[in-house]
Amino acid sequence: MQGGMERTTGEKMVLNFGPQHPATHGTLRIVLELDGETVLKATPHAGYLHTGFEKLGEHLDYNQFIVVTDRMNYLSPLSNNFGYVLAVEQLLGIEVPERCQYIRVLMAELSRLADHLLWLGTAALDLGAFSVFLYSFREREKLYSIFEKTTGARLTTSYTRVGGVFRDLYDGFDNDARDFITNLPKALKETHTLLTRNRIWMDRTKGVGAISPDDAISYGLTGPCLRATGVAHDIRKAEPYSSYEKFDFDVPVGTNGDVYDRYLVRMEEMIQSCGIIRQALDNLPEGPFSLEDNKVMMPHKSDAYGHIEGLIHHFKIVMDGHGVQPPKGEDYCATESPNGELGFYIVSDGSGTGYRIRIRPPSFFHFQALPHMLEGGMVSDTVAVLGSLNVIAGELDR
Amino acid sequence: MKSEEIYDVLVDKFGESILGIDSELAGDPSIQIAPTAISDVCQFLADTDTLAFDSLMCLSGIDLGVKEEVLSVVYHLHSMKNHHNVVLKTSVPKTDAHIPTVSHIWKTADWHERETYDLYGILFDGHADLRRILLPDDWEGYPLRKDYQEPDFYRGMRVPY
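So the protein lines, in turn, are chains A and B. Numbering follows this note's numbering, with no gaps: position 61 of the first sequence is 290. Numbering follows this note's numbering, with no gaps: position 156 of the second sequence is 187.
Below is the structure:
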């Protein structure tokens with residue numbers, strides 16, 4: 230910035246940003262030390278929503294914990310469900326049927342769209358672009374009805390189970406999903422006309438909150454925030470899981486690592502996700518939607534009520550010490566959630582509850598890197614940068 | 032590189048500080064490191080070209096149980112350049128839980144270590160700002176320890192509800 234001297238008053242002012250502030254979209258706090266309008270120092274504070282998820286994991290059995298994962302990144306609960314059961318399955322050494330893998334990919338990509346759409350709406354709203362918010366929420370609403378029809382809930386989906394998903398896709402799913410991915414690119418085009426070459430949007434986001442690739446890796450940034458710096462790291466490509474190696478998609482990257490590039494990366498990721506969803510719908514294999522091993526998966530309700538074996542399996546799987554029991558060992562499993570690397574580190578002592586369940590949420594480390602992106606910038610950029618990181622308080626504090 | 036090869040490289044370089052490799056159990060094999068050497072080992076893993084572990088994916092604490100009185104720290108490292116992973120482990124007694132920091136090697140370790148300190152009470156020597164992060168500053172005890180008893184009251188508010 231040129232002519233910075235006129236703006237300095239020589240007096241420091243401390244400004245409390247949050248914990249309740251419209252732009253935090255959750256409960257988090259930043260203490261800003263200002264000189265005029267320049268941010269000298271930013272100190273992020275987390276923990277307002279700490280609910281002890283990791284401790285809960287030591288008391289709930291492996292399937293019960295799925296409910297807790299819904300509440301982490303509440304914009305894309307299906308991705309969390311998915312990442313968690315994948316870690317347990319890896320520890321158990323089982324692989325789910327191909328149809329199930331495709332269903333999970335479908336759900337993960339749809340929730341990536343839901344997350345990015347909400348991000349787009351709110352990030353633009355924070356910078357004063359109100360109409361974008363309306364367009365993106367209109368699209369997101371359609372997605373939520375698909376989620377509701379599939380899982381029975383809009384937010385607390387708990388769709389996956391260790392060994393599969395709890396029910397198959399509904400009859401009209403193919404139509405609904407195809408409708409959605411045909412219309413979404415049109416809606417995104419509208420957004421591009423509203424923002425991408427918009428002078429105010431560009432001024433507010435270009436060169437703001439930039440971070441270098443090396444710093445981004447060192448700070449543990451992942452997902453769109455890392456890719457915006459030009460590092461083409463995507464776990465779906467680097468270490469494919471759940472049949473991702475069978476899908477053809479690009480990993481969009483930025484160049485400057487600023488707010489504008491994060492916006493462009495997320496916009497392009499949505500188009501790529503639509504492509505993945507189309508491929509998954511075209512090639513959706515027939516067959517069972519879950520593992521048909523009743524030592525792992527709960528038997529179907531009609532079996533539990535109609536057959537003695539079903540009843541016994543149903544009883545055993547919910548009884549402590551008889552259900553899902555991974556062998557003694559440990560495992561770290563990372564998936565590419567909408568925000569970045571969502572890792573679950575599970576230590577099993579051979580019993581029905583985890584000995585230690587550690588969650589590595591992407592938001593925690595994005596929030597950590599915030600001072601690096603804010604210091605030296607203007608106070609008004611705080612909102613732009615915070616918005617671009619998409620810090621979700623639920624997974625930040627767990 | 033595979034974990035076993037990395038283990039051999041580390042044994043050549045650090046000798047007795049590398050305590051062993053655990054590949055019996057289900058999941059990824061992990062390399063046991065003496066707590067005093069962990070910072071040097073990590074620096075070596077990050078700086079050596081053939082290894083180039085440029086990112087710390089996860090740093091987790093574990094309480095190995097009331098009987099053992101041992102706390103462990105697990106490091107999951109990844110190399111963006113060479114596309115390989117390694118798991119390091121180090122253990123300290125609960126009564127003297129000191130481990131050298133790795134926050135000067137990977138900046139992300141700063142908050143990882145603060146969280147581990149917050150929930151397990153492991154002290155990371157050399158950390159610039161070791162404060163509680165998720166719990167209030169005046170919280171007593173370390174909740175993820177297996178012998179943790181939650182307090183009845185916190186500032187006049189009932190805790191169990």
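Yeah, the Cβ is synthetic: ideal placement off N, Cα and C, and Gly gets one too. Note that the coordinates shown come from a computational prediction; the quantities given were computed from them, not determined experimentally.
Where residue i falls, given that 16 or more other Cβ within 10 Å makes a residue buried
i: R433 of chain A; result: buried
i: Y313 of chain A; result: buried
i: G572 of chain A; result: buried
i: L349 of chain A; result: buried
i: V190 of chain B; result: exposed
i: F246 of chain A; result: buried
i: G393 of chain A; result: buried
i: P167 of chain B; result: exposed
i: G550 of chain A; result: exposed
i: R186 of chain B; result: exposed
i: L398 of chain A; result: buried
i: H114 of chain B; result: exposed
i: Q231 of chain A; result: Because Q231 of chain A sits at a pLDDT of 46, beneath the cut-off of 50, its placement in the model cannot be relied upon, and the following sentence gives the value as read from the coordinates. Result: exposed.
i: D169 of chain B; result: exposed
i: L321 of chain A; result: buried
i: Y534 of chain A; result: exposed
i: T272 of chain A; result: exposed
i: A461 of chain A; result: exposed
i: E47 of chain B; result: exposed
i: P442 of chain A; result: buried
i: K241 of chain A; result: exposed
i: S531 of chain A; result: exposed
i: A159 of chain B; result: exposed
Contact set for residue i: own chain, Cβ-Cβ below 7 Å, skip 5 residues either direction
i: E368 of chain A; result: L346, L413 and A416
i: E181 of chain B; result: V190 and P191
i: Y173 of chain B; result: L150, Y151, G152 and Y179
i: Q330 of chain A; result: S471 and S472
Of the listed residues the options, nearest to residue i (C-alpha basis)
i: R585 of chain A; options: B:A77, B:P131, B:S91 and B:Q74; result: B:S91
i: T403 of chain A; options: A:L263, A:Q319, A:A467 and A:N512; result: The residue asked about is misnamed: residue 403 of chain A is Asp in this sequence, not Thr. Comparing Cα positions, the closest option is A:N512.
i: T385 of chain A; options: A:H274, A:M548 and A:S308; result: A:S308
i: G286 of chain A; options: B:P182, B:L87 and B:K177; result: B:K177
i: L424 of chain A; options: A:A316, A:V482, A:S360 and A:G276; result: A:S360
i: E565 of chain A; options: A:G535, A:G583, A:F478 and A:R465; result: A:R465
i: N292 of chain A; options: A:S592, A:G616, A:G583 and A:G239; result: A:G583
i: V547 of chain A; options: A:D560, A:M527 and A:A563; result: A:M527
i: A445 of chain A; options: A:V325, A:E419, A:L599 and A:K270; result: A:L599
i: L278 of chain A; options: A:M301, A:I537, A:V296 and A:F294; result: A:M301
i: H143 of chain B; options: B:Q63, B:I62 and B:M88; result: B:M88
i: L356 of chain A; options: A:R627, A:L615, A:I259 and A:Y561; result: A:L615
i: W430 of chain A; options: A:L493, A:G581, A:F544 and A:Y331; result: A:L493
i: V317 of chain A; options: A:L335, A:I295, A:C329 and A:R333; result: A:I295
i: A439 of chain A; options: A:D626, A:G606 and A:S447; result: A:G606
i: R507 of chain A; options: A:T422, A:R627, A:F366 and A:I332; result: A:I332
i: R491 of chain A; options: A:G459, A:G276, A:P469 and A:D463; result: A:G459
i: L520 of chain A; options: A:Y373, A:R396, A:L335 and A:F282; result: A:R396
i: L372 of chain A; options: A:D400, A:F409 and A:A382; result: A:F409
Cut-off 6 Å between Cβ atoms - residues of its own chain near residue i, not counting five sequence neighbours on either side
i: S122 of chain B; result: V101 and S103
i: G233 of chain A; result: In this prediction, G233 of chain A scores a pLDDT of 48, lower than 50, which makes its location untrustworthy; no coordinate-derived value is stated.
i: T380 of chain A; result: T386 and Y388
i: L289 of chain A; result: none
i: G569 of chain A; result: T451, G452 and P591
i: R162 of chain B; result: none
i: P326 of chain A; result: G516 and P517
i: E559 of chain A; result: V576
i: L41 of chain B; result: I49
Near the ligand FAD: residue i beta-carbon under 7 Å from a heavy atom
i: D43 of chain B; result: Among the ligands in the structure shown, none appear at all, so the ligand FAD cannot be discussed.
Own chain partners of residue i with C-beta closer than 8 Å, once the 5 adjacent residues on each side are dropped
i: D299 of chain A; result: P306, N309, N310, L384, T385, T386 and S387
i: V608 of chain A; result: L244, L261, L263, E266, T267 and V268
i: G579 of chain A; result: Q554, P555, P556 and K557
i: E35 of chain B; result: I52, S54 and P60
Chain-ordered chain C contacts of residue i [CB-CB under 7 Å]
i: I164 of chain B; result: The chain inventory of the structure shown lacks chain C, comprising the protein chains A and B.
How about the segment 551–562 of chain A and the segment 425–442 of chain A: do they share at least three Cβ pairs that are nearer than 8 Å? no
Touch check for the segment 321–341 of chain A and the segment 493–512 of chain A: three-plus C-beta pairs under 8 Å? Two segments are said to touch when three or more pairs of C-beta atoms, one from each, lie closer than 8 Å; by this definition the segment 321–341 of chain A touches the segment 493–512 of chain A.
Below 8 Å, can you find three or more Cβ-Cβ pairs linking the segment 247–261 of chain A to the segment 612–622 of chain A? The segment 247–261 of chain A makes contact with the segment 612–622 of chain A, as at least three CB pairs between them are under 8 Å.
Three-pair Cβ contact test at 8 Å for the segment 65–85 of chain B versus the segment 125–134 of chain B: The segment 65–85 of chain B makes contact with the segment 125–134 of chain B, as at least three CB pairs between them are under 8 Å.
Stretch pair the segment 146–154 of chain B + the segment 77–92 of chain B: three plus CB contacts closer than 8 Å: yes
Touch check for the segment 440–457 of chain A and the segment 478–488 of chain A: three-plus C-beta pairs under 8 Å? yes
Could you tell me whether the segment 50–61 of chain B touches the segment 466–474 of chain A, where touching means 3 or more Cβ pairs closer than 8 Å? These segments do not touch.
Counting only Cβ-Cβ distances shorter than 7 Å, please list the residues of the segment 148–163 of chain B near chain A, keeping chain order. none
For the segment 545–563 of chain A, which residues have a beta carbon sitting closer than 8 Å to at least one beta carbon of chain B? Within the segment 545–563 of chain A, the residues whose Cβ lies closer than 8 Å to some Cβ of chain B are P555, P556, K557, G558, E559, D560, Y561 and A563, listed in chain order.
Scan the segment 404–433 of chain A for residues whose Cβ lies nearer than 7 Å to a Cβ of chain B and list them as they occur along the chain. For the segment 404–433 of chain A, there are no residues whose beta carbon sits under 7 Å from a beta carbon of chain B.
Can you pull out the residues from the segment 48–59 of chain B whose beta carbon lies closer than 9 Å to at least one beta carbon of chain A? E55, L56, A57, G58 and D59
Interface positions of the segment 277–294 of chain A facing chain B (Cβ-Cβ less than 7 Å), listed along the chain: Within the segment 277–294 of chain A, the residues whose Cβ lies closer than 7 Å to any Cβ of chain B are, in chain order, H279, G281, E283 and K284.
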